Amino acid sequence: MRDLTYLISTSLDGFIADVDGRYSANPNPPDLMAASAELFPETFLGREREVLGLDGAGRRFDTVVMGLGTYQMMVRHGDPNPYPHLRQYVLTRDAAGLTHTEPSITFVDAAASDLVGALRKEDSKLGIWLCGGSRLASSLVNEIDRLVLKLCPMILGDGVPLFARGIEPQPQEFLSAKTLPSGAMIVSYRRPKGRSEGA
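With the working numbering as the guide, the letters of the sequence shown map in order to residues 251 to 449.
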């Protein structure tokens, strides 16, 4: 079955966006951008891939899942079709009420775990990328196989947390850490072996 990976930029104090939901509050230093492009080229927006010369099929992911708030923030920044190179799913409780839809985006009014469960069973060698946001990540916390944090050398003090409040403690196994000259890091963890989904 396919893995679900929560891969996201975060400040040193654990915020993925500022209090207004702006992800630009965590500016990725150039060396973090370069390392991310090398390791996870499919996680860049379509317009960014064009500028950076990134093309071709995904190396790690062929599917991205995000919450409606994350998607709407991208729309406000001019990206209604943010990841055209991936299959894109947006979880929402009101898909019929949306005033804008892109043909390449699949809006899903269902439990996040049901969607992920169905995607896991697909015949693909590539994984599923959980793009955000914090409420969606919390609802899927027991199903996240890998947690990859792009740590920006920034303290925000407040904002949108990595996970929304209310989840149970979640032990993680360390996989790797890549330290960059800017002070940024890419740190990877995984769900401990033998821990079943939904446990």
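From the three backbone atoms N, C-alpha and C, an ideal C-beta is built for every residue, glycine too.
All figures in this text were calculated on a predicted structure; none of them were measured in a lab.
No Cβ-Cβ contact shorter than 8 Å links A285 with K443.
Contact between L412 and G264 holds: CB atoms are separated by about 5 Å, below the 8 Å threshold. With contact defined as three or more Cβ pairs closer than 8 Å, the region 334-342 and the region 391-404 are not in contact. Contact between E372 and R252 holds, since their C-beta atoms are separated by about 7 Å, short of 8 Å. Here H335 is buried: its Cβ has 16 or more other Cβ atoms, across all protein chains shown, within 10 Å. Looking at the DSSP output, M435 sits in a beta bridge with L401, T429. In the three-state reduction of the DSSP assignment, R297 falls in the helix class, which pools H, G and I.
Each residue's CA atom was taken as its position, placing R343 and A362 some 10 Å apart.
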